[in-house]
Structures are given as structure tokens and as C-alpha cells.
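Q:
2 protein chains.
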Amino acid sequence: MLSKNKIKFIHSLNRKKTRENEKLFLVEGNKLVLEAISSKLPLKLLIATPDFYARNELDSNLAEEVIECSAEELKKASMLQTPQQAMAVVHMPNNALHIDQLTNQLSIALDFIQDPGNLGTIIRMADWFGIRNILCSTDTVDCYNPKVIQASMGAVLRVNVHYLDLEEWLEKANHAQLPVYGTFLEGEDIYRSTLSTKGVLVMGNEGNGISPAIAGKIKHKIHIPAFASGGDGSESLNVATATAICCSEFKRRTY
Amino acid sequence: MLSKNKIKFIHSLNRKKTRENEKLFLVEGNKLVLEAISSKLPLKLLIATPDFYARNELDSNLAEEVIECSAEELKKASMLQTPQQAMAVVHMPNNALHIDQLTNQLSIALDFIQDPGNLGTIIRMADWFGIRNILCSTDTVDCYNPKVIQASMGAVLRVNVHYLDLEEWLEKANHAQLPVYGTFLEGEDIYRSTLSTKGVLVMGNEGNGISPAIAGKIKHKIHIPAFASGGDGSESLNVATATAICCSEFKRRTY
Numbered sequence: 001m002l003s004k005n006k007i008k009f010i011h012s013l014n015r016k017k018t019r020e021n022e023k024l025f026l027v028e029g030n031k032l033v034l035e036a037i038s039s040k041l042p043l044k045l046l047i048a049t050p051d052f053y054a055r056n057e058l059d060s061n062l063a064e065e066v067i068e069c070s071a072e073e074l075k076k077a078s079m080l081q082t083p084q085q086a087m088a089v090v091h092m093p094n095n096a097l098h099i100d101q102l103t104n105q106l107s108i109a110l111d112f113i114q115d116p117g118n119l120g121t122i123i124r125m126a127d128w129f130g131i132r133n134i135l136c137s138t139d140t141v142d143c144y145n146p147k148v149i150q151a152s153m154g155a156v157l158r159v160n161v162h163y164l165d166l167e168e169w170l171e172k173a174n175h176a177q178l179p180v181y182g183t184f185l186e187g188e189d190i191y192r193s194t195l196s197t198k199g200v201l202v203m204g205n206e207g208n209g210i211s212p213a214i215a216g217k218i219k220h221k222i223h224i225p226a227f228a229s230g231g232d233g234s235e236s237l238n239v240a241t242a243t244a245i246c247c248s249e250f251k252r253r254t255y
Numbered sequence: 256m257l258s259k260n261k262i263k264f265i266h267s268l269n270r271k272k273t274r275e276n277e278k279l280f281l282v283e284g285n286k287l288v289l290e291a292i293s294s295k296l297p298l299k300l301l302i303a304t305p306d307f308y309a310r311n312e313l314d315s316n317l318a319e320e321v322i323e324c325s326a327e328e329l330k331k332a333s334m335l336q337t338p339q340q341a342m343a344v345v346h347m348p349n350n351a352l353h354i355d356q357l358t359n360q361l362s363i364a365l366d367f368i369q370d371p372g373n374l375g376t377i378i379r380m381a382d383w384f385g386i387r388n389i390l391c392s393t394d395t396v397d398c399y400n401p402k403v404i405q406a407s408m409g410a411v412l413r414v415n416v417h418y419l420d421l422e423e424w425l426e427k428a429n430h431a432q433l434p435v436y437g438t439f440l441e442g443e444d445i446y447r448s449t450l451s452t453k454g455v456l457v458m459g460n461e462g463n464g465i466s467p468a469i470a471g472k473i474k475h476k477i478h479i480p481a482f483a484s485g486g487d488g489s490e491s492l493n494v495a496t497a498t499a500i501c502c503s504e505f506k507r508r509t510y
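In the order they appear, the protein sequences are chains A and B. Take the first sequence: its position 34, counted from the start at 1, is 34 in this note's numbering, and no numbers get skipped. Every position in the second sequence, counted from 1, becomes a number in this note's numbering once 255 is added.
#1: CA-CA distance, B:Ala428 and B:Leu412?
#2: Short of 7 Å Cβ to Cβ, which residues in the segment 371 to 398 of chain B face chain A?
#3: Kindly provide the ranges of any alpha helix (DSSP H) runs that are 4 or more residues long and lie completely inside the segment 113 to 167 of chain A, ordered along the chain.
#4: For B:Gln432, which option in B:Ala332, B:Thr376, B:Ile354 and B:Arg447 has the closest C-alpha, if you only look at C-alpha atoms?
#5: For A:Ala77, which of helix, strand or coil comes out of DSSP?
#6: The alpha helix (DSSP H) with A:Phe261 in it runs from where to where?
#7: Is it buried or exposed for B:Lys263, if we count other Cβ within 10 angstroms and need 16 for buried?
#8: Could you check if B:Ala309 is buried or exposed, using at least 16 other CB atoms within 10 Å of its CB as the buried criterion?
#9: Any beta-carbon of chain A closer than 9 Å to the one on B:Phe482?
#10: So, at 8 Å on beta carbons, what are the nonlocal neighbours of B:Thr395 in its own chain, with the 5 sequence-adjacent residues on each side left out?
#11: From A:Gln150, A:Ser193, A:Lys31 and A:Met203, pick the residue whose C-alpha is nearest to that of A:Thr183; which is it?
#12: Along the chain, where does the alpha helix (DSSP H) containing A:Asp189 start, and where does it finish?
#13: Taking Cβ positions, are A:Leu80 and A:Ile47 nearer each other than 9 Å?
#14: Output needed for B:Glu319: all residues of its chain with C-beta closer than 8 Å, excluding positions within five of it in sequence on either side, in chain order.
#15: Below 8 Å, can you find three or more Cβ-Cβ pairs linking the segment 183 to 202 of chain A to the segment 213 to 233 of chain A?
#16: Count the other CB atoms within 10 Å of the CB of B:Met342; is the residue buried (16 or more) or exposed (fewer)?
#17: Going by beta-carbon coordinates alone, are A:Asp127 and A:Ala96 separated by less than 9 Å?
#18: Can you give me the start and stop residues for the alpha helix (DSSP H) that B:Ser267 sits inside?
#19: Whole angstroms is fine: what's the gap from B:Asn276's alpha carbon to B:His266's?
#20: Could you list the residues in the segment 203 to 228 of chain A with a C-beta less than 7 Å from some C-beta on chain B, going in chain order?
#21: If B:Glu323 and B:Pro305 are in contact, beta carbons under 8 Å, what's the gap, nearest whole angstrom?
#22: If B:Asn388 and B:Leu357 are in contact, beta carbons under 8 Å, what's the gap, nearest whole angstrom?
#23: Could you pull the start and end residues of the beta strand (DSSP E) that B:Glu283 belongs to?
#24: B:Asn311: which of B:Gln340, B:Ile469, B:Lys295 and B:Glu327 sits nearest, CA to CA?
#25: When the cut-off is 9 Å and only beta carbons count, does A:Gly154 lie next to chain B?
#26: Determine the extent of the alpha helix (DSSP H) in which B:Ile469 is found, giving its start and end residues.
#27: Tell me the DSSP bridge mates of A:Leu45?
#28: List the DSSP bridge partners of B:Leu365.
#29: Quick check on A:Trp224: does DSSP put it in helix, strand or coil?
#30: Thinking C-beta only, is B:Leu257 closer than 9 Å to B:Leu268?
#31: Go through its chain and collect everything with a Cβ distance to B:Tyr510's Cβ below 8 Å, but skip five positions before and after it.
#32: For A:Ser284, which residues from the same chain have a beta carbon less than 7 Å from its beta carbon, with the 5 sequence-adjacent residues on both sides left out?
#33: Does A:Gly182 get closer than 9 Å to chain B when you measure Cβ to Cβ?
#34: On a CA-only basis, which of A:Lys76, A:Ala244, A:Ala240 and A:Cys246 is nearest B:Gly372? Give me that one, please.
#35: Out of B:Gly442, B:Tyr399 and B:Gln360, state which residue places its alpha-carbon closest to the alpha-carbon of B:Val345.
#36: What residues from chain B crowd round A:Leu237, counting only those whose CB sits closer than 8 Å?
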């Protein structure tokens, strides 16, 4: 049985403020809930249909609280347009970060990414490429926004997403001699650039690119060349697309 | 003034069936309307506020019919959540295609792409990389769907998107000795593959990948390697992300 209070509590996790106060977030859908179960993050609450529990042979001690209810009841709590058979409330990870954790690998930094779909796609791609840390400016969209979680296909459960003072952290990277890269129209052709296997790749806002304050911390300006003839092609790439192309170039060089 | 009939007509273009019958599609938003005006496609109807006409110094003969109206009136016709100052009804291009047009360049083929955001992002990326033709299976989402147009940032006005019998056209490509590539889990590592500067790159459905019938026409199976350690990373990449990484790899080799 799903009480009214429980439904109210689940709906409240749609708000960033509540998620931050409670340090909890909601995961919906059969596949994502199974990913949450197999992730390292502790589950506060697991709600699913009897069929879901049986089919996946799930123990009753997987979460602090386990609730069995009908698909109908689940639908009342769900934010999805096509509700499924399971949802889970998950504890946010404790993502304490020290600059030393970044010095031997490639990380991504995001300067005010606004679109949930873009952030989710970037997290999913980072996971594919083995990128463990994403540094986000505090004004970047919340990675526990339900749309981000869906677009990440659960990768947000594995990649460490940090919200921090990006300017300060890029300064730390510079101090630690960790190369900081960023994409700019006037940057060097990425295909012809020397790229380090370690560093921080900064990507900017959908409409305005990298802000001047952040740009001041970036020593290596790179650029994905446009191949359209006569300059009549698209003016820009989608930021998730551009991030993927850059990460592919960085990772290719590690061979 | 915007008549009720005109508003009804505009709303009707939200339906694929109407768009196909009328061979017309709707473009909304100041930036996209300006792109439509500077594209080669003829405009049937241009609707904008007096301010928009004045600011952009637009002639009254830019479209078959030009209507001036208030922002309030425009809002009634608009499908956008934050309506802007202009919209246009545009004639679909006549995209007749012959296999010879494909033999000296790289093209993309899409097998049942369902998500409008993915298709729009792919069209925008294709435009950036100078890819002129996208071949879509007839069950791929309509490129004149308003969400596709928005995600493409107007690139759909420049790239030729063809809906056709994909199996038949890949057979034609094989006959013409045009290399046909496709991404498969068991494919060869793309970073270590020999890639032609000419060919057709096939990308598959979001959930199911490339269908068996289409796979049968693909001689060159490639794969973007995952770099996540221990096999615990994401199972797959978003299809628009994967398409971008592949196109970047193909284009890089043309240097």
C-alpha cells in the first residue's frame, strides 16, 4: 500500500530544493531502478509491483523501506508519462573532491549547462568513455533532475558529478599543472592539436558558450572545425555533441 | 490581422498527415524564421510583428503571403511555450535523389530513429560536418516535426533529408561500390579501422539498434570502444552522440 503521505513525499522530490535538503533523489522505471539496485548508492525506499519483485528475484532488505503495491497505485506517485513497475528513492553520494583525484585522468567541466537532456547525454557519454568526474558550475542544471536521470540512462548513478565554484577549481587545476582545455571559435583545430591524456575539458553554455571569467582560466583553446563549404552550414554544434566529439578525440590519443 | 482560419491552418501543420498532403511545414521563432528567409526554400506564408519586419528590414515580397500582426495574435497561432515575434510556413524541398549524388561523399542513413531531439541533433551535426544527405527509413520520425526543426536549429533547411526504402537504397550503394558502414557491438574498433572518405554510415534505432534486414546490407561493421574499466560503464551511447563521434572520425581522416 502506498500512503498519501508517501506519494506526497515522492512528488516533493521533483523540487531541487527538497532533493538538496533531504539529500535524496528519485529514480523511475524498471531498468533504472535495477541500475540503482546494482549501484553503490544506498536506497532509502523501493516501491514496485509484486511482479517486479518476483521477476527480478529481489530481496526485501534492498532498501531501508520496501513497499509492494499495484501498478495503479504506482501510477499515482509516478512522474513518467508511461509509468512502469518500479521506482526508488536513492541517497545522494558524498562526492567530496580533492584536486589530486583529477590529476591522472581526463575530466569534464561544465559552465552553466541549462538543458537537462544535454547534461544527461553528457553524463552517459562520460560513463562510456570511462570519465569518472564531471565538474559543474553551481548554475548548471541539477543532475538529479528527473529529466537528467532519464537522459543519462542511469549513468548519473556511476559518474561523480560535482557542483562547485568552477573558477576556483580551474585555478586549482592550473596550480597543479593539470592542463585545462576549452572549446572556442578561435581555438586550435582539435584534430591537429596535441592533447594530454590528463586534464580538464571545459564546455560552455548552450547559447553563450564559456563565460569570460571561466575563459580566463583556460590555457588550451581548441575548436572542432566545420566542414561545410562556403560557411553556410550550422553556426554551432549542440553542446552534448561537441563534448562527445572532443572526448572521442582525447580518448583516441590514449591508444 | 490573423484570421481564425489562418490559425486553424497553422495548427493543422502540427500533424504529419497535413504536412505531407500540403507539402508545407511550419518554422517558429525569430532566429529560425530568419534562417528560413535566407534559405533556398520558398515561403508560403510569413507572419510577424511590425517590430520584427522593421528590425530585420524585410520586404513584403518575401513570401506568397505576408501578414503583420501583434505579438498577442501570434501567440494564439504559436506552438512554442515562449512564443516569439515570427513564424513562417515553408514549402518542402523536392529532394529527388539518385545514387550518383552519393558516390563522392559521406552520407548518413538512419534506421528507425524515433526521438525528434535525436534526429534534430543529427541533422545539425551533419550540417556542421558538411554532410549533405541523410537517408531515413520511412518509419524514422518526420524531419518537419516541430521538435526536430527546433533541435536542428534550422539545419533541416539546408541538409537534404530523404525518406525512402532504406534496404533498397543500401543495396544500390553496394551495387555502386559505395562502402556501407554501420555500428555494431561486434564491429571493428572505429579508431583502428580504415575509413573511406565516401560512403554511407548507418545508425540504428534508440532501443534496438540496426534491424536485421538493414544489417544484411552492411559490409563494414564498426564500433566505438567503451573505455570504462571492468565493464561497469554505460551499455550504450545516445544515437546522436554515437553518430557525431563516427562522423568526426570519418571527417578527421579526410585531412
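Glycine included, each C-beta is placed from N, C-alpha and C at the ideal position.
A: Considering the structure as presented:
#1: 25 Å
#2: Only those residues of the segment 371 to 398 of chain B whose C-beta falls short of 7 Å from the nearest C-beta of chain A are listed: Gly372, Thr376, Arg379, Met380, Asp382, Trp383, Phe384 and Gly385.
#3: 116 to 128 and 146 to 152
#4: B:Ile354
#5: helix
#6: Because chain A here runs from 1 to 255, residue 261 of chain A falls outside it and cannot be looked at.
#7: Exposed, since its Cβ has fewer than 16 Cβ neighbours within 10 Å.
#8: exposed
#9: True, the Cβ-Cβ gap to chain A drops below 9 Å.
#10: Leu365, Asp366, Phe367, Ile368, Gln369, Leu374 and Tyr418
#11: A:Met203
#12: Note, A:Asp189: premise wrong, no alpha helix (DSSP H); beta strand (DSSP E) at Val180 to Asp189.
#13: no
#14: Pro297, Leu298, Lys299 and Leu300
#15: yes
#16: With 16 or more Cβ atoms within 10 Å of its Cβ, B:Met342 is classed as buried.
#17: No.
#18: Lys259 to Ser267
#19: 14 Å
#20: Ala226, Phe227 and Ala228
#21: 6 Å
#22: 6 Å
#23: Boundaries of the beta strand (DSSP E) around B:Glu283: Leu279 to Glu283.
#24: B:Gln340
#25: Taking 9 Å as the threshold, the shortest C-beta distance from A:Gly154 to chain B falls below it.
#26: Start and end: Pro467 to Ala470.
#27: A:Glu65 and A:Val89
#28: Residue pairing of B:Leu365 in beta bridges, as defined by DSSP: B:Cys391 and B:Met458.
#29: It should be pointed out that residue 224 of chain A corresponds to Ile in this sequence rather than to Trp. Coil, per DSSP.
#30: Result no, Cβ atoms of B:Leu268 and B:Leu257 do not sit closer than 9 Å.
#31: none
#32: A query on residue 284 of chain A cannot be resolved here, the shown segment of chain A reaching from 1 to 255 and no further.
#33: no
#34: A:Ala240
#35: With distances taken between Cα atoms, B:Val345 lies closest to B:Tyr399.
#36: Those are Arg379, Met380, Trp383 and Ala499, listed as they occur along chain B.
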